[in-house]
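*Asks:* If you scroll down you'll find the structure; I have some questions about it.
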Ligand SMILES: Cc1ncc(COP(=O)(O)O)c(C=O)c1O
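Numbering (the working numbering), first residue to last: 21 to 512.
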């Protein structure tokens with residue numbers, strides 16, 4: 021007899037913690053607030069006594085220990101089924117934990133990896149922790165907008181051919197701005213070189229739930245997918261998932277070990293419950309809710325296009341090198357037609373209308389919508405304030421048209437990120453740093469793509485480029501000295 025398929029409308033983990041809290045058990049275990057009575061009164065008021073009652077530790081009978089499969093295991097099986105994974109892990113330290121876990125997993129297969137250069141900082145942290153030697157591959161740069169898109173198939177193919185010892189290839193899709201790569205072809209390329217494709221799909225947990233959205237990485241054949249469920253699918257901040265592809269080249273037991281390695285022994289039950297519940301919402305109502313959001317955003321896009329000095333990025337991305345689709349839940353607005361940069365527009369929106377954006381860059385500001393929630397009124401408020409801000413700022417002048425130049429090529433990798441990060445180091449004036457090997461990351465923002473990573477040789481061109489960005493009002497991320505008067509370098 022065929023095994024009974026679990027019911028996707030149920031929430032086993034959420035139900036299990038709910039039952040435990042309802043029983044009023046004797047809590048001779050952590051946390052010390054004892055389900056609420058021991059908590060500060062103001063905290064209880066702000067997060068609610070119910071949240072405290074459901075804050076239940078790991079290794080609680082009937083929740084994650086006891087008769088198999090436990091409620092915790094069942095919840096993860098349902099998530100795997102919902103996203104189309106062979107196995108899914110709930111994470112309590114965000115997609116950041118997923119990236120570090122992926123690095124530690126890959127390090128079981130070899131010492132090198134091919135990585136998209138504009139990877140999230142947690143990927144670089146994963147390289148430091150695992151000791152992997154990266155071969156970086158450049159994403160396609162959008163010189164006009166000053167932002168980075170995705171990897172092309174040819175670029176990945178060449179990088180893998182040049183790195184025969186690679187344990188895997190690691191890409192980001194969709195990007196912060198909503199551009200989606202041709203993951204299907206990239207997976208084929210990786211597999212033709214005999215390596216797994218890791219996809220940092222932190223921004224794409226919702227893609228599996230509506231046909232009009234770009235194809236999700238698991239459906240496209242990725243081997244391991246990092247998913248920041250909290251970003252757009254509605255679980256609590258910090259909760260995320262890691263999915264193993266159905267035909268993955270990676271070993272589930274090794275991924276499991278690496279999840280344990282990167283996780284607290286006291287994961288928060290509210291995070292797990294929120295993942296269980298968000299999965300149910302996405303499966304049962306995702307398509308209908310996304311449809312509503314998409315409809316609201318079609319109108320908002322048209323209205324923003326009518327505002328002098330503003331434009332909306334979406335289909336315009338598609339067809340650029342490396343980009344095959346666009347995620348419409350991002351409302352990315354091109355502000356180059358205004359006499360102010362994106363930072364200033366964002367400041368004005370915040371100060372005048374309490375509009376708080378996900379991202380502001382030199383040329384583009386981005387508002388993010390979730391699969392559910394009040395898309396129409398939110399979009400309307402955004403459009404109205406944009407109209408006021410644009411009128412107040414006025415159209416771009418010749419002078420304002422000065423743009424950031426594309427960054428110079430990154431320096432040669434002399435040490436692995438781990439060797440540089442942990443090895444002997446000193447702080448030198450940045451004027452004397454050219455030719456030295458960086459012990460820290462430097463990413464001039466905009467556009468925020470790392471110019472220097474630990475282990476790379478600092479070049480005079482890159483240092484001049486970052487200094488120029490600072491002069492133009494940009495910033496540098498990752499540096500221990502934010503004004504770049506000094507830089508931390510390796511001593512060899
Ligand atoms: C591409 C990418 N990967 C990973 C992360 C980390 O996600 P989390 O904040 O859930 O740890 C982010 C966060 O913005 C991201 O943009």
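Each residue gets a CB set at the ideal place from its N, CA and C atoms; glycine is no exception.
#1: Would you mind working out which of 54, 74, 102 sits nearest residue 33, comparing C-alpha positions?
#2: On the criterion of 16 or more Cβ atoms from any shown chain inside 10 Å, does residue 421 qualify as buried, or is it exposed?
#3: Cβ of residue 140 within 6 Å of any heavy atom in ligand 1?
#4: Residue 193 lies in the alpha helix (DSSP H); which residues open and close that run?
#5: Where DSSP assigns a beta bridge to residue 136, which residues make up the other side?
#6: Counting beta carbon pairs with one atom in the segment 389 to 403 and one in the segment 303 to 322, are three or more of them shorter than 8 Å?
#7: Would you kindly check if the distance between the Cβ of residue 243 and the Cβ of residue 270 is under 7 Å?
#8: Please go through the same chain and pick out, in chain order, the residues whose beta-carbon is closer than 7 Å to the beta-carbon of residue 177, but skip the five residues on each side of it.
#9: With distances taken Cα to Cα, identify the nearest neighbour of residue 175 among 202, 366, 92.
#10: Is residue 74 helix, strand or coil when you go by DSSP?
#11: Straight-line CA distance for residue 517 to residue 88?
#12: Would the beta-carbon of residue 75 be found less than 6 Å away from any heavy atom of ligand 1?
#13: How is the alpha helix (DSSP H) around residue 209 delimited, first residue to last?
#14: Once you ignore the five residues that flank residue 256 on each side, which residues in its own chain have a CB closer than 7 Å to its CB?
#15: Go to residue 432, then tell me how far its beta strand (DSSP E) extends in each direction, as first and last residue.
#16: When every heavy atom of ligand 1 is checked, does at least one fall within less than 6 Å of the C-beta of residue 168?
#17: Would you say the beta carbon of residue 120 is closer than 6 Å to some non-hydrogen atom of ligand 1?
#18: Check residue 331 in the structure and name its three-state DSSP category.
#19: What is the rounded straight-line gap between the Cα of residue 84 and the Cα of residue 78?
#20: Using the Cβ count rule (16 or more neighbours within 10 Å means buried), how would you classify residue 338?
#21: May I ask you to check if the CB of residue 222 is nearer than 6 Å to at least one heavy atom of ligand 1?
#22: Alpha carbon to alpha carbon, how far is residue 492 from residue 472?
#23: Between residue 146 and ligand 1, is there a pair consisting of the residue's CB and a ligand heavy atom that are separated by less than 6 Å?
#24: Would you please state the rounded distance, in angstroms, between the beta carbons of residue 463 and residue 434? I believe it to be under 8 Å.
#25: On the DSSP letters alone, give me the boundaries of the beta strand (DSSP E) that residue 11 sits inside.
#26: Which residues in the same chain as residue 360 place their Cβ atom closer than 7 Å to its Cβ, once the five residues preceding and following it in sequence are excluded?
#27: Going by DSSP, what residues sit across from residue 379 in a beta bridge?
#28: From what residue to what residue does the beta strand (DSSP E) around residue 506 run?
#29: Looking at C-alpha atoms only, which residue of 483, 169, 388, 299 is the closest neighbour of residue 27?
#30: In this structure, how does DSSP classify residue 109 when only helix, strand and coil are distinguished?
#31: Report yes if the C-beta of residue 192 is less than 6 Å from at least one heavy atom of ligand 1; otherwise report no.
#32: From the DSSP output, which residues share a beta bridge with residue 162?
#33: What is the DSSP secondary structure of residue 397, counted as helix, strand or coil?
#34: With respect to the beta strand (DSSP E) encompassing residue 501, which residues constitute its N-terminal and C-terminal limits?
#35: Can you check which of these residues, 353, 35, 507, 233, is closest to residue 385 by C-alpha distance?
#36: Ordered along the chain, which non-local residues of its own chain (more than five positions away) have a Cβ less than 6 Å from that of residue 158?
*Replies:* This is what the structure holds:
#1: Along the chain shown, one-based indexing puts residue 33 at 13. Of the listed residues, the one whose Cα sits closest to residue 33 is 74.
#2: By one-based count along the chain shown, residue 421 stands at place 401. At residue 421 the pLDDT is 47, less than 50, meaning the model places this residue with poor confidence; the figure from the coordinates comes in the next sentence. That one is exposed.
#3: As a first step, residue 140 must be located in the chain shown, where it is residue number 120. Flag set: Cβ of residue 140 near ligand 1.
#4: As a working mapping, residue 193 is identified with position 173 in the chain shown. No alpha helix (DSSP H) contains residue 193, which DSSP labels as neither H nor E.
#5: Working through the chain shown from its first residue, we reach residue 136 at position 116. Residue 136 is bridged to 157.
#6: yes
#7: Translated into positions along the chain shown, residue 270 becomes position 250. Translated into positions along the chain shown, residue 243 becomes position 223. Taking a C-beta distance under 7 Å as the contact criterion, residue 270 and residue 243 qualify as a contact pair.
#8: In the chain shown, residue 177 corresponds to position 157, counting from 1. Excluding positions up to five away in sequence, the list reads 209.
#9: One-based indexing of the chain shown puts residue 175 at position 155. Nearest option by C-alpha distance: 202.
#10: Numbered from its first residue, the chain shown carries residue 74 at position 54. It is coil, neither helix nor strand.
#11: The structure shown does not extend to residue 517, since the chain is modelled only from 21 through 512, so no value can be given for it.
#12: Within the chain shown, numbered from 1, the residue matching residue 75 stands at position 55. The answer is no for residue 75.
#13: By one-based count along the chain shown, residue 209 stands at place 189. For residue 209, the enclosing alpha helix (DSSP H) covers residues 203 to 212.
#14: As a first step, residue 256 is located in the chain shown; it is residue number 236 there, counting from the start. For residue 256, where only same-chain residues beyond five positions count, the Cβ hits under 7 Å are 250, 290, 291, 294.
#15: For the purposes of this step, residue 432 is taken as the residue at position 412 of the chain shown. Counting along the chain, residue 432 falls outside any beta strand (DSSP E), and DSSP gives it neither H nor E.
#16: Along the chain shown, read from residue 1 onward, the residue named residue 168 stands at position 148. Residue 168: no, Cβ never under 6 Å from ligand 1.
#17: Start at 1 with the first residue of the chain shown, and residue 120 comes out as number 100. Every heavy atom of ligand 1 is 6 Å or more from the Cβ of residue 120, so no.
#18: The sequence position of residue 331 within the chain shown is 311, counting from 1. Of the three classes helix, strand and coil, the one that applies to residue 331 here is strand, per DSSP.
#19: Here the question's residue 84 lines up with position 64 in the chain shown. Here the question's residue 78 lines up with position 58 in the chain shown. Distance between the alpha carbons of residue 84 and residue 78 is about 7 Å.
#20: As a position in the chain shown, residue 338 is number 318, starting the count at 1. Residue 338 should be labelled exposed.
#21: Taking the first residue of the chain shown as 1, we reach residue 222 at position 202. Residue 222: yes, Cβ under 6 Å from ligand 1.
#22: Working through the chain shown from its first residue, we reach residue 492 at position 472. Working through the chain shown from its first residue, we reach residue 472 at position 452. Distance between the alpha carbons of residue 492 and residue 472 is about 19 Å.
#23: The residue labelled residue 146 in the question sits at position 126 within the chain shown. Outside the cutoff, so no.
#24: Counting from 1 along the chain shown, the entry for residue 463 is found at position 443. Counting from 1 along the chain shown, the entry for residue 434 is found at position 414. No, residue 463 and residue 434 are not in contact; Cβ-Cβ is about 19 Å, not under 8 Å.
#25: Only positions 21 to 512 of the chain appear in this structure, which leaves residue 11 out of reach.
#26: The residue given as residue 360 occupies position 340 in the chain shown. Closer than 7 Å at the Cβ level, and outside the excluded window around residue 360, lie 413.
#27: Locating residue 379 in the chain shown gives position 359, counting from the first residue. Its beta-bridge partners are 386.
#28: Numbered from 1 along the chain shown, position 486 holds the residue referred to as residue 506. First-last of the beta strand (DSSP E) with residue 506: 506 to 510.
#29: By 1-based counting over the chain shown, the position of residue 27 is 7. When only C-alpha atoms are compared, the closest one is 299.
#30: Looking up residue 109 in the chain shown gives position 89. Reduced to three states, the DSSP call for residue 109 is strand.
#31: The residue given as residue 192 occupies position 172 in the chain shown. True, at least one ligand heavy atom lies under 6 Å from that Cβ.
#32: For the purposes of this step, residue 162 is taken as residue 142 along the chain shown, with counting starting at 1. Note: residue 162 sits in a beta bridge opposite 167.
#33: Counting from 1 along the chain shown, the entry for residue 397 is found at position 377. Of the three classes helix, strand and coil, the one that applies to residue 397 here is helix, per DSSP.
#34: One-based indexing of the chain shown puts residue 501 at position 481. Run containing residue 501: none; DSSP gives neither H nor E here.
#35: On the chain shown, position 365 is the one that residue 385 refers to. Minimum Cα distance to residue 385 is reached at 353.
#36: In the chain shown, residue 158 corresponds to position 138, counting from 1. 137.
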